[in-house]
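Undergrad: Here the working numbering is used: the first residue of the sequence shown is 8, the next is one more, and so on.
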Amino acid sequence: MKVAYHVLRYPMQDPSLGIFISKKSDLPITAYCDSDWAACSDSKRSVSGYLVLMGDNHVSWKSKKQSTISLSSAEAKYRVVRQVVAELVWLERLLDKLMDLLQPDIKSDR
8 MKVAYHVLRY PMQDPSLGIF ISKKSDLPIT AYCDSDWAAC SDSKRSVSGY
58 LVLMGDNHVS WKSKKQSTIS LSSAEAKYRV VRQVVAELVW LERLLDKLMD
108 LLQPDIKSDR
């Protein structure tokens with residue numbers, strides 16, 4: 008939850024910054040990922056990256072050199088897929104918590 012509050016407080020520090028989410032009610036989550044096997048000529052490590060979208064909105068992205076040497080392109084791809092799945096699980100849990108916070112509690116006397 009701390010992370011969610013930090014993300015929501017961040018734009019308040021500089022009014023020119025912002026988090027913009029489309030008004031569409033249907034915001035499917037889509038993830039793209041890829042790796043370039045042994046891309047670094049010095050270390051022979053693969054470079055991998057991913058992009059996560061909610062509708063047309065970029066919500067998470069990363070590109071970095073993998074920490075270990077992959078012995079095949081399939082292994083390099085597996086590593087980036089595993090990374091993006093972990094990101095999607097985290098995002099799903101965050102959104103679930105945020106939706107719990109946004110649930111209105113309407114009370115009325117008879």
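Glycine residues also receive a C-beta, built at the ideal position from the N, C-alpha and C atoms. Since we're looking at a predicted model, the values are computed, not measured.
1) Is S77 near V54, with beta carbons less than 8 Å apart?
2) In this structure, does DSSP put W97 in helix, strand or coil?
3) Helix, strand or coil, according to DSSP, for A38 in the structure here?
4) Can you tell me which of the three DSSP states K114 falls into?
5) Tell me which residue opens and which closes the beta strand (DSSP E) that S70 is part of.
6) Is S80 helix, strand or coil when you go by DSSP?
7) Do C40 and G56 have their CB atoms nearer than 8 Å?
TA: Considering the structure as presented:
1) No, the Cβ-Cβ distance between S77 and V54 is not below 8 Å.
2) If DSSP states are grouped into helix, strand and coil, W97 belongs with the helices.
3) Correct three-state label for A38: strand.
4) DSSP, reduced to helix, strand and coil, places K114 outside both helices and strands of the structure shown, so it counts as coil.
5) Segment N64 to K72, the beta strand (DSSP E) holding S70.
6) Correct three-state label for S80: helix.
7) Taking the C-beta atoms as reference points, G56 is found nearer than 8 Å to C40.
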